[in-house]
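Note that our numbering has the sequence shown beginning at 3, numbered continuously upward.
Cβ coordinates follow ideal geometry from the N, Cα and C atoms, glycine included.
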Amino acid sequence: QQAVADAFGGFAEYGDDGEISGRASQEHLDRYPVIPALLAMLEYVTRPEMQVSVTNDGPFYKQGVGCARRAILDALGRFKAPAAVEALIELSKSEREYLAEDAIGELGNSGSPAARDYLADKVAAALDPEIRLETAKALAVMADPRGVESIRRWAAENPPTRATRGVHWKYA
3 QQAVADAFGG FAEYGDDGEI SGRASQEHLD RYPVIPALLA MLEYVTRPEM QVSVTNDGPF
63 YKQGVGCARR AILDALGRFK APAAVEALIE LSKSEREYLA EDAIGELGNS GSPAARDYLA
123 DKVAAALDPE IRLETAKALA VMADPRGVES IRRWAAENPP TRATRGVHWK YA
């Protein structure tokens, strides 16, 4: 995470709590290729040769690569610029489920009205239960009532598992 923050100097800050925050103004984002650079870094760290193995839960990456991916997506979500939100929307359509789910979560963290509209449409159309849950959770982070409503509907339709029992306990 520190490497991602360092790569952007004054545009990103790595806090004591381990979080990266975007401090860039729209003027800085227009002047410097921060968003394209983040996307290039994301493309690099998600290349197949960076994977160590693939399981049912998704790929396992070389040490630190998964953390770098999360930090890059986190930075995109925190910048909240239209270009970053557009990039996250495109990433949420990825065939790589782990990448799509992470991008959906960061769309929720962005708080963008464009992200909210996209997530509301996506949760209504999602057929995959995991994607529907992640999308509903992202809407709930935005305090959108459609998110909580969708999570409750999801909990009624899907039995609890070890991974989802917290969702059932909180929303059922």
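Starting from the C-beta of residue i, find all residues in its chain whose C-beta is less than 6 Å away, skip the five residues before and the five after it, and write them out in chain order.
| i | result |
| --- | --- |
| Gly79 | Glu108, Asn111 and Ser112 |
| Ser94 | Ala102, Ala105 and Ile106 |
| Gln91 | According to the sequence provided, residue 91 is Ile. The question's Gln does not apply to it. Hits under 6 Å: Tyr120. |
| Gly168 | none |
| His170 | Ala157 and Pro162 |
Under 8 Å, do residue i and residue j count as touching if we go by C-beta distance?
| i | j | result |
| --- | --- | --- |
| Ala142 | Ile133 | no |
Among the candidates the options, whose CA atom is the shortest distance from the CA of residue i?
| i | options | result |
| --- | --- | --- |
| Val125 | Trp156, Glu97 and Arg98 | Trp156 |
| Ala117 | Ala73, Asp146 and Glu97 | Asp146 |
| Val150 | Glu45, Glu136 and Leu40 | Glu136 |
| Arg72 | Ser96, Asp123, Pro162 and Val47 | Val47 |
| Pro131 | Leu75, Ile74, Phe81 and Glu99 | Glu99 |
| Ala77 | Ser96, Pro50, Met43 and Ala128 | Met43 |
| Gly35 | Ala128, Glu97 and Phe81 | The residue asked about is misnamed: residue 35 is Pro in this sequence, not Gly. Checked all of Ala128, Glu97 and Phe81; the closest Cα to Pro35 is Phe81. |
| Leu129 | Asn160, Ala39, Ala83 and Glu88 | Asn160 |
| Met144 | Ser114, Ala127 and Lys172 | Ser114 |
| Leu40 | Ala70, Lys172, Cys69 and Ile74 | Ile74 |
In the DSSP assignment, find the alpha helix (DSSP H) that holds residue i and state where it starts and stops.
| i | result |
| --- | --- |
| Lys124 | Pro115 to Ala127 |
| Asp104 | Glu99 to Ser112 |
| Ser152 | Pro147 to Glu159 |
| Ala142 | Pro131 to Val143 |
| Ile167 | The identity of residue 167 in the sequence shown is Arg, whereas the question assumes Ile. Arg167 to Tyr173 is the extent of the alpha helix (DSSP H) around Arg167. |
| Ala83 | Taken as a continuous stretch (DSSP letters only), Ala83 belongs to no alpha helix (DSSP H), as it is neither H nor E. |
| Pro191 | Outside the modelled stretch of the chain, which goes from 3 to 174, sits residue 191, for which no answer is possible. |
Return the Cβ separation of residue i and residue j in integer angstroms, given the expectation that the two are a contact with Cβ distance under 8 Å.
| i | j | result |
| --- | --- | --- |
| Arg148 | Ala165 | Wrong, their Cβ atoms sit about 23 Å apart, outside the cutoff. |
Can you give me the Cβ contacts of residue i inside the same chain, cut-off strictly under 8 Å, excluding the 5 residues immediately before and after it?
| i | result |
| --- | --- |
| Ala158 | Ala174 |
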